[in-house]
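What follows is a set of notes on a single structure, which appears directly below.
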Amino acid sequence: MRNKGAVVLLTVVITLLCVYYLSFTFVSRGIQKDAVTYATTESGVVDLTKKQAYLDSIWNLPVYNLFGLEYTYKEVTETELNLGLDLQGGMYVVLEVSPVEIIKGLSGNSENPDLIKAIQMAQEKRKDSQSRFGELFYESYASLTDKPLADIFATASNRGRISRGDSDDQVMEVINKEIDDAIDRSFIILRTRIDQFGTSQPNIQKLQGTGRIQIEIPGADNPERVRKLLQGVAKLEFWEVVEINELNNNLIAINDMLVKEQAANRQLEGAAVEEALEEADQSEESLSDLLSADDETVETDTTAVEEDTTQNQLDSLTNTQVSPLFALTKAQGGLIYSVRDTGKIGEILRRSDVKSLMPRNVKALWDVKPTVNEQTGDELLQLNFVKVGRGGEAALTGEVITDARQDLDQLSRPAVSMQMNALGTRVWRKMTAEAASKSPRGRIAIVLDDKVYSAPGVNGEIPSGNSQISGNFTIEEAKDLANILKAGSLPAPTRIVEDEYVGPTLGKLAQKQGIVSIVSGLAIVVLFMVAYYAKGGLVANVALVFNIFFITGILAQFNAALTLPGIAGIVLTIGMSIDANVLIFERIREELRNGVKLREAINMGYKKAFSSIVDANVTTFLTAVILYVLGQGPVKGFAITLMIGIVCSFFSAVYITRVVVEWTTKKGDDSKVSFKTPFSSGLLANLNIDFMGKRRMAYIFSTIFIAIGLSLVAIQGLNLGVDFKGGRSYVVSFEQPIEATDMKVALGESFENRGTEVKNFGGNNTIKVTTSYLVEDETDEADAKVQAALISGVESFTGQSYVESIEQVDADHFTITGKSKVSATIADDIKSASLEAGIFSIIVIFLYIFVRFRKWQFSTGAIIALVHDTCFVFSAFAIAGLLGIQYEVDQVFVAALLTIIGYSINDTVVVFDRIREYLNLGTSTDRLKVFNIAINGTLNRTMITSVTTLIVVLILFIFGGEVLRGFSFALLVGILVGTYSSVFIASPVVVDLDKKKITE
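Residue numbering for the sequence shown follows this note's numbering, beginning at 10 and increasing consecutively.
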């Protein structure tokens, strides 16, 4: 093998990187355990508020020292392997920015009947369309009237952007831009708001082309608080800045008080140590010698305090021995602190004795974004002081803004231009005149949600209401500030169209189930490989361990989240990663049976198997990419894990195993490695089954089974999950077993008999309730009404009362441990995306097979087999439903279906590769014979791969929990039918489509 050194070096580098990144995970888990221990009460209940307070207190403090480099807890959590919501609990929310208010706002809230009707029509069309709302609005408006849009939108507030003579296209360009800006504006505001969740590692991203924003907040335990925070109206204000020199006397007084307080505390500590020393002197064993060093330290510290108390200027605030809470640096208009100290500074400023030393008309506000000290690397945040008006209100609020946009100043630097209405212009003239008259010039803070985004200086009175804000902006920063200023001018309310809450109890259960699945699957595969391939199996197991280690390490490097479907991806990878080694080892065994010496057989085995391995992995990888691009939520987590798993398994199975195998045989001692055991020596060898002769029987069987299944689908439909049909679902937990069938009757009445489904979920004391009651109403009021109906129905049926926490559940109480909501619009989008994913993956695979095998018959045979497998799985779900076994068809099911497509094509490609090999040899013109020989030659590999993967998926089905039950069932059916179709469907179709003469 060439480049053996490069493989070894790359393996070592990847291993070290994985160890490095995973070390942060172990540190973080240790801190989490400490937080739980700290927050656990005497009764054994974890106080979540106390736990969060503990984590917040160390958020910006160093907790991990690696090779002399210190990492704060915040930096540790940013690098650790994150767990998804389904593994630790939390909230998943998709918000949609409403374009309706944007259009109304641009029209000056016009009452034009055509405008109002067009908006209503666009809202209806959007339920069944993937088009942008602006396009639907214009299409509706044009169908109602011939009047130009400019008649409505050429208002005084739009002067300079829309004029009476503008065409409809020009007006729509402005409208679409405003809608896009509203999405960006909401994204900025929401991103800032969710930062307060700190230790929860929130994640926010725009879903391109949808007008939606996706937010994940792991660990969130108060869903109502989160909803209010995310849907709250943005509060834009303008405040007069109080310069720091105006507060010198106040800050000096605060400093004096803190210095004296610190000195008094240290004197108390010193007195306590002296008392301990006196007690030690009186004991039988004197401790004075042992504590002498500590005594000296105390004296030194006390002296330092006394010396520092003589300093009563601001300089003393920089002495961390005196007042570490108030270590600061002067800045224009404010004080700069390390981010790690901001929490403690906030506590000090909230103290009543500190407030009494500050002017009543002054309040403190933090900057929204920290800066980085280039020398130390510390994050610094500025504390600003602003002047409070009557009633604690700001002098000016965002409603007066009519427009704001990114611009260029006189020196062609990025700037922001801002326009105000008449009321704003009057107030703004007065504010800017007062600020400009100060020496040095005054400043006005632009504040959103009590965070300072900018505090520009005022050069002179601005009488017109048209202002330009310039400074050291980048273009992106100027755009962001312009969007912030428009937060009050064109309201863009957000509504929650999809949300899911997973309680911590369900998350822990999912973790346990996932770990059991991985360990069990790994153990069985390891034992099987050793039993079948002897020492060669041990080598494959080494590669398998490397594979799993690499997957988790790379997930940590990418800062990706490990989800329950992601664990399913790892479990599936365990089964599928064996396939490459099976291909190689079976090739080696073939060569050995032909009399080739071991070392040459190893070389030939790796060489001949390489093409099949590449094709099989590429096709599966392509389906994973499509899943990632078109999938949402948990499907993306599964796709990421699957992609990483495919790459890692290819590297470990092909390259790492070869290095190990060649190392064991380098001295010519063939006894050091073997690829067979007495059990496997002649198993499935020298087979001569006439598969092609049985193809018509296979066609008939598949046609009958699929026809029955699809007929049932047409008659009774599939059990669609919430994410495919819309609605709300709840996981309800009890202490005692509950009968889901009887519960359904009671809840059906509560939900006005609107499509309610009740089933046991993971255990007989937990049920999952899914309902389409009020599915069209996406308001918070509707959410509360549905949940109240659920609680009322459960209480009336069981006689038990609802409680908030799982710890309170007993024989008389129940709780809701998880819930989710998907709007009808989102459900339609998910179905469309799923269909696109299936069609696109089939097209991509068709093209790949065509390029690789250069014959359309092979591509067509592969695609017909994939369609066959897909229909077979749908039919199996329908037939299972007829037998009383209900599995939901949801996004995770789509992931399973595309995985089956990848697995099936993997198997088919291996058979096709052997057929191509035999056809190129030209040993026979009898096509049926060639195909039979090729299929028999690969049957050993096909059966072993299928059995190992099937066992692993069976374990996932048994131990993976209720969430993955449908997923596992689909995979079980898919693996069986995928193996069957590669032999009895794909290859026979190629024969039947080939026009060349065949012998029957």
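Ideal placement from N, C-alpha and C gives every residue a C-beta, glycine not left out.
Residue i - containing beta strand (DSSP E), residue span
{"i": "serine 738", "result": "736-742"}
{"i": "glutamate 105", "result": "99-106"}
{"i": "valine 250", "result": "245-250"}
{"i": "glutamine 415", "result": "410-417"}
{"i": "asparagine 475", "result": "475-479"}
{"i": "tryptophan 375", "result": "371-376"}
{"i": "lysine 396", "result": "388-396"}
Nearest-angstrom Cα separation, counted from residue j out to residue i
{"i": "leucine 238", "j": "arginine 202", "result": "7 Å"}
{"i": "glutamine 129", "j": "proline 746", "result": "48 Å"}
{"i": "lysine 460", "j": "leucine 374", "result": "6 Å"}
{"i": "glycine 893", "j": "aspartate 508", "result": "30 Å"}
{"i": "glutamine 866", "j": "proline 108", "result": "50 Å"}
{"i": "valine 740", "j": "glutamate 804", "result": "15 Å"}
{"i": "aspartate 1001", "j": "glutamate 609", "result": "38 Å"}
{"i": "phenylalanine 823", "j": "leucine 756", "result": "15 Å"}
{"i": "phenylalanine 849", "j": "leucine 432", "result": "55 Å"}
{"i": "tyrosine 637", "j": "alanine 404", "result": "49 Å"}
{"i": "phenylalanine 594", "j": "serine 32", "result": "35 Å"}
{"i": "phenylalanine 659", "j": "leucine 959", "result": "20 Å"}
{"i": "valine 956", "j": "valine 54", "result": "45 Å"}
{"i": "threonine 582", "j": "glutamate 51", "result": "44 Å"}
{"i": "serine 742", "j": "asparagine 773", "result": "9 Å"}
{"i": "arginine 438", "j": "valine 397", "result": "18 Å"}
{"i": "alanine 904", "j": "glycine 975", "result": "11 Å"}
{"i": "glutamate 246", "j": "lysine 517", "result": "43 Å"}
{"i": "methionine 652", "j": "leucine 564", "result": "11 Å"}
{"i": "glutamine 132", "j": "serine 832", "result": "14 Å"}
{"i": "tyrosine 541", "j": "glycine 808", "result": "58 Å"}
Residue i classed as buried or exposed, judged by whether at least 16 other C-beta atoms fall within 10 angstroms
{"i": "isoleucine 709", "result": "exposed"}
{"i": "glutamate 270", "result": "exposed"}
{"i": "threonine 572", "result": "buried"}
{"i": "aspartate 792", "result": "buried"}
{"i": "glutamine 522", "result": "buried"}
{"i": "phenylalanine 35", "result": "exposed"}
{"i": "lysine 617", "result": "buried"}
Supposed close pair residue i, residue j - CB separation, criterion 8 Å
{"i": "aspartate 190", "j": "lysine 495", "result": "7 Å"}
{"i": "glycine 718", "j": "phenylalanine 883", "result": "6 Å"}
{"i": "alanine 424", "j": "isoleucine 478", "result": "6 Å"}
{"i": "isoleucine 345", "j": "threonine 632", "result": "Wrong, their Cβ atoms sit about 52 Å apart, outside the cutoff."}
{"i": "serine 810", "j": "glycine 736", "result": "Incorrect: roughly 26 Å between the Cβ atoms, too far for contact."}
{"i": "threonine 411", "j": "methionine 429", "result": "6 Å"}
{"i": "glycine 474", "j": "threonine 434", "result": "3 Å"}
{"i": "serine 759", "j": "leucine 799", "result": "7 Å"}
Residues near residue i by beta carbon distance below 8 Å, same chain, minus five either side
{"i": "alanine 871", "result": "Ile854, Phe855, Ile858, Ile914, Thr917, Val918, Phe921 and Ala995"}
{"i": "asparagine 393", "result": "Val250, Gly342, Gly343, Ala373, Leu374, Trp375, Asp376, Ala454, Val461 and Ala464"}
{"i": "asparagine 568", "result": "Glu87, Thr88 and Asn91"}
Cutoff 6 Å; reference residue i; Cβ partners in own chain excluding five residues on either side
{"i": "threonine 954", "result": "Asp588 and Val591"}
{"i": "leucine 973", "result": "Ala577"}
First and last residue of the uninterrupted alpha helix (DSSP H) at residue i
{"i": "isoleucine 914", "result": "900-930"}
{"i": "methionine 440", "result": "431-445"}
{"i": "lysine 186", "result": "177-203"}
{"i": "aspartate 508", "result": "Element bounds for aspartate 508: not the alpha helix (DSSP H) but the beta strand (DSSP E), 503-511."}
{"i": "leucine 90", "result": "First-last for leucine 90: undefined, no H or E at that position."}
{"i": "serine 138", "result": "Per DSSP, serine 138 belongs to no alpha helix (DSSP H) and is neither H nor E."}
Same chain only: Cβ atoms within 7 Å of residue i, ignoring 5 sequence neighbours per side
{"i": "phenylalanine 1068", "result": "No answer is possible for residue 1068: the residues shown for the chain start at 10 and end at 1009."}
{"i": "glutamate 305", "result": "Here the model assigns glutamate 305 a pLDDT of 37, short of 50, so the residue's position is not dependable and the matter cannot be decided."}
{"i": "aspartate 416", "result": "Ala424, Val425, Ser426 and Gln477"}
{"i": "isoleucine 197", "result": "Asp489, Asn492 and Ile493"}
{"i": "glutamate 308", "result": "Model confidence at glutamate 308 stands at a pLDDT of 33, short of 50, so the residue's coordinates are unreliable and nothing is read from them."}
{"i": "valine 722", "result": "Phe883 and Ala887"}
{"i": "tyrosine 927", "result": "Val939, Ile942 and Ala943"}
{"i": "threonine 483", "result": "Pro423"}
Residue i beta carbon near the ligand ATP (any heavy atom closer than 6 Å)
{"i": "lysine 134", "result": "Here there are no bound small molecules, and the ligand ATP is not part of this structure."}
is_contact[residue i, chain B] using C-beta, thresh 7 Å
{"i": "aspartate 588", "result": "This model lacks chain B altogether; it includes just one protein chain."}
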